[in-house]
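As you go down the protein sequences, you meet chains A and B in turn.
Here the first sequence is numbered in the working numbering, starting from 1 and rising by one per residue.
Here the second sequence is numbered in the working numbering, starting from 1001 and rising by one per residue.
C-beta atoms are modelled at their ideal positions from N, C-alpha and C, and glycine is treated no differently.
All figures in this text were calculated on a predicted structure; none of them were measured in a lab.
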Amino acid sequence: MFRFTLPDLGEGLQDAEIVSWHVAVGDRVAVDQPLVAMETAKAVVEVPSPVAGVIVALHGQATDRIDTGAALVDFKLDTDDAVDAPTPAPATASGGVVGHMPTSDQEISATPQRSSSTSAGARSSRAVPAARDLARHLGIDISNLRGSGRDALITVEDVMAAAALTVQPQGSAMRPTLPATAGGEFDVLRSLRRAMAQSMSMARDNVMECTVVDDADIHAWESGNDYTARLLRAIAAGCRAEPGINAWYDATSQGRRIFHHIDVGIAVDTPDGLLVPVIRDVGNRTPEQLRIEINRLKVGARERSLPASDLRDFTFMLSNFGVMAGRYATPVVVPPAIAILGAGKVSRDVVAVGDAIEIHRRMPLSLTFDHRCVTGGEAVRLLAAIIVDLQRPN
Amino acid sequence: MHSVANFDIHYRQLLDAAGMPTGEWPGFGRDPAQLLAMYRMMTLCRVFDTKAINLQRTGRLGTYAPCTGQEATHVGVGAAMQADDVLFPVYREYGTQLWRGVTLAGIYTYWNGDERGTWFDGPRQDFPWCVPIASQMPHAAGAAMAFKVRGQARCAVAYIGDGGTSQGAFYEALNAAGAQTLPLVAVVVNNGWAISVPVAEQTAARTLAQKAIAAGIAGIQVDGNDIIAVRAVMEEALARARNGGGPTLVEALTYRLSDHTTADDATRYRPAGELEAAWQREPLLRTRHYLQAHGHWSDTQEAALRADCQAQVDAAVSAYQALPAASTDSMFEHLFAQLPHELQAQQASARHYAAHKG
Chain A
1 MFRFTLPDLG EGLQDAEIVS WHVAVGDRVA VDQPLVAMET AKAVVEVPSP
51 VAGVIVALHG QATDRIDTGA ALVDFKLDTD DAVDAPTPAP ATASGGVVGH
101 MPTSDQEISA TPQRSSSTSA GARSSRAVPA ARDLARHLGI DISNLRGSGR
151 DALITVEDVM AAAALTVQPQ GSAMRPTLPA TAGGEFDVLR SLRRAMAQSM
201 SMARDNVMEC TVVDDADIHA WESGNDYTAR LLRAIAAGCR AEPGINAWYD
251 ATSQGRRIFH HIDVGIAVDT PDGLLVPVIR DVGNRTPEQL RIEINRLKVG
301 ARERSLPASD LRDFTFMLSN FGVMAGRYAT PVVVPPAIAI LGAGKVSRDV
351 VAVGDAIEIH RRMPLSLTFD HRCVTGGEAV RLLAAIIVDL QRPN
Chain B
1001 MHSVANFDIH YRQLLDAAGM PTGEWPGFGR DPAQLLAMYR MMTLCRVFDT
1051 KAINLQRTGR LGTYAPCTGQ EATHVGVGAA MQADDVLFPV YREYGTQLWR
1101 GVTLAGIYTY WNGDERGTWF DGPRQDFPWC VPIASQMPHA AGAAMAFKVR
1151 GQARCAVAYI GDGGTSQGAF YEALNAAGAQ TLPLVAVVVN NGWAISVPVA
1201 EQTAARTLAQ KAIAAGIAGI QVDGNDIIAV RAVMEEALAR ARNGGGPTLV
1251 EALTYRLSDH TTADDATRYR PAGELEAAWQ REPLLRTRHY LQAHGHWSDT
1301 QEAALRADCQ AQVDAAVSAY QALPAASTDS MFEHLFAQLP HELQAQQASA
1351 RHYAAHKG
């Protein structure tokens, strides 16, 4: 029998995920015949057969992650073709080339490898150099990490997880990094929640968030005003005062793409997680039209029936979170948009009117902006224009 | 106001994608034996390349930079050079190297991380593969200067990729070669992509050949999938350089039909359809069409050639895999005439661990 172990499919990769098998147990395969498609952190690659023979066992199925060096396929060799078998030890050579990935398969041991400690609390501190380097940069003590790699080797992903960077290679499964002894029930993030985790991580890693808060005095409101429609109209008024905030920021080309139409994404809380349907061109719609559109999107969001086209490309965001509780917040700007307005719970406040004390209804507002491309001055002028519009009677 | 200088960039093609001649062919083009020799070498490159990728995918080769699609440029350049010229490759011009006597096993040895692969069996004076971008260009200009100083009728031929033409070293070398009329021929292999950066994003220049203009040297664009035109343009450029006529910049327009390296996945950035369209222009097929249409080649000969190439490649695989591992000392060799103290200490340490661990 010949066992084919997963080679390093890139440069210093520690594992790869099975995408699909092209062969089955019992199949006779020729040298270089494609066996399996494997996905690494960088590529989907076809892995051919190193030998001619009959497949005896396939180690793993689609979506399984196989460590470099672990068994992949067992063959029964054709006796007269056995001479084609490669040397059992996989070559680990790696010519450095352009596009090189700064990770390595080389293990560095910080502690004696044959540690006598086998208690449940024993922690490995063997790490690949890139993981060690990253940990140093992030100020993470790797002796506290539990390695998920081969023989508990600490990988770059382990360090990132520890740093709560939650960077997930495409198509990979979420990996719990808590000790197995943590107890409780592990709730895998799915669909909307997973998308939320990713977009929030992206926002945190990219956006320089700055939040400014104030109140709109809505004492003068006539009856029948529609909160969300008024907020949308106020955002439109704000964006007319500061057009540069109705925009996307492109960090790569260091520019912002300023839009004439104001497309506001509204955060909608659903049992499955956060959805952000988009109301298009709010600056050119009547309150009635806005209300019809708000209703359509809210129903669609709860039923999960909205097409993808209703859920993308907002140029400004609104979080009307104060329905239940909460006055101020630090809403999160989701790139490439650069600002979000949060509206908190309306309450009756004691306010000074001239030299008298009155009780007015006030709406707390929190505006977060991306300070990479929005100045504080722009942000407060936008907020001021929003407040002026909100304070109108109708 | 009046114009003080005008420039043109010419494009040469002699064999189109359908295998039809499109211009006046030079002497070698009328010699079937020469055409077949080049076709055989291009085919060997293709078979060698396919096997190399499979070897990497099965753990028997390190990262590898494939050449599929660029064989006409590589073999055409090799066929135009003289034996005592000096080649400065990048890292995928196997067709030129094989033509000049580098062995298949040697190339596999290098890509398996063993520097003994650069100990070329044939052209000892040729430079090794150059993974950093454009650093070979000043080396090549320097070699060309040596030929000029010595009064030798030899040329330096330097490869560079489309991405490499954005590097300062590229311009510096061209400028020096132009200013001093050096016998240098720079071959820009424009395969469309610098890893994931397309040429259109690499430069605002309409051609890469026009980068010769600022250096005051000859610049020409050639169909890099047309081995007749590549060799013709190279023979002219080399003859000019050899006769004191100065350097030339040749831009060969080809296409990387593979990933950048085995660590790359071009499907992640290359637009759909582009690859399929490029396969219609690839070099082997058009050459074979021409040869078969003119009665120089047959399907039977093609099958025999493929089998022969496969046998050569299989023998090379066996040869490099049978090579004993390099000694621990080898990593300290060939860099210094006198090993510095720090490296002497490291060498002693390496020997110690090698002896204890094996």
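- Using a Cβ distance threshold of 7 Å, threonine 270 of chain A and proline 331 of chain A do not count as a contacting pair.
- Rounded to whole angstroms, glycine 147 of chain A and arginine 126 of chain A show a C-alpha spacing of 8 Å.
- For isoleucine 1227 of chain B, the secondary structure class from DSSP, reduced to helix, strand or coil, is helix.
- By a beta-carbon distance limit of 8 Å, proline 1183 of chain B contacts phenylalanine 1147 of chain B. Their separation comes to about 5 Å.
- In the DSSP assignment, cysteine 1045 of chain B falls outside any beta strand (DSSP E) and within the unbroken alpha helix (DSSP H) covering 1032-1057.
- Interface with chain B (7 Å Cβ-Cβ cutoff): valine 47 of chain A is included.
- In chain order, Pro7, Leu9, Val45, Glu46, Val47, Pro48 make up the part of chain A whose C-beta sits under 8 Å from the C-beta of arginine 1057 of chain B.
- The beta carbon of asparagine 1054 of chain B sits closer than 7 Å to some beta carbon of chain A.
- Of the candidates A/Leu382, A/Ile338, A/Ala234, A/Asn394, A/Ala234 places its Cα closest to the Cα of asparagine 284 of chain A.
- Uninterrupted beta strand (DSSP E) stretches at least 3 residues long and entirely within the stretch 297-352 of chain A occur at 316-319, 339-343, given in chain order.
- The beta carbons of arginine 348 of chain A and isoleucine 340 of chain A sit no closer together than 7 Å.
- Chain B places no beta carbon closer than 7 Å to that of aspartate 217 of chain A, leaving this residue out of the contacts.
- Listed as beta-bridge partners of isoleucine 279 of chain A by DSSP are A/Val264.
- For alanine 16 of chain A, same chain residues with a beta-carbon under 7 Å away, outside a window of 5 residues either side, are Leu6, Leu9, Met38, Glu39, Thr40, Ile66 in chain order.
- Glycine 376 of chain A and alanine 130 of chain A have their alpha carbons spaced roughly 39 Å apart.
- The beta carbon of arginine 1154 of chain B sits closer than 8 Å to the beta carbons of Gln1082, Asp1084, Asp1085, Val1086, Phe1147, Pro1183, Arg1242 from its chain, once the five residues preceding and following it are set aside; these are given in chain order.
- Around aspartate 32 of chain A, the beta-carbon contacts reaching into chain B at under 7 Å are Asn1054.
- Check the Cα spacing between threonine 1207 of chain B and each of B/Asn1190, B/Trp1129, B/Asn1054: the tightest is with B/Asn1190.
- A direct Cα-Cα distance of roughly 51 Å separates alanine 301 of chain A from glutamate 1282 of chain B.
- Per the C-alpha coordinates, the member of A/Val159, A/Val25, A/Val128 positioned closest to glycine 139 of chain A is A/Val159.
- In the three-state scheme derived from DSSP, where H, G and I count as helix and E and B as strand, glycine 1078 of chain B is classed as helix.
- Shown here, glutamate 157 of chain A sits in a helix according to DSSP, grouped into three states.
- Under the criterion of beta carbons closer than 8 Å, alanine 1080 of chain B and leucine 1238 of chain B qualify as touching, at roughly 6 Å.
- In the DSSP assignment, proline 1138 of chain B falls within the unbroken alpha helix (DSSP H) covering 1136-1150.
- Membership of cysteine 210 of chain A in the beta strand (DSSP E) is indicated by the continuous run 209-217.
- Check the Cα spacing between cysteine 1130 of chain B and each of B/Gly1161, B/Gly1059, B/Ala1105: the tightest is with B/Gly1161.
- In this structure proline 1132 of chain B is exposed. Its beta-carbon is surrounded by fewer than 16 other beta-carbon atoms within 10 angstroms.
- Judged by DSSP in its simplified three-state form, leucine 1182 of chain B adopts coil rather than helix or strand.
- Within the stretch 1164-1218 of chain B, the complete alpha helix (DSSP H) segments at least 4 residues long are 1168-1179, 1199-1202, 1211-1215, listed from N- to C-terminus.
- Of the residues B/Leu1035, B/Val1047, B/Phe1007, B/Asn1006, the one whose Cα lies closest to the Cα of alanine 1311 of chain B is B/Val1047.
- Burial state of arginine 327 of chain A is buried, judged by a 10 Å Cβ sphere holding 16 or more other Cβ atoms.
- In the displayed model, aspartate 74 of chain A falls within a strand according to three-state DSSP.
- In this structure, the beta-carbon distance from tyrosine 1255 of chain B to glycine 1019 of chain B does not fall below 7 Å.
- Note that the C-beta distance between glutamine 1202 of chain B and glutamate 1251 of chain B is not below 7 Å.
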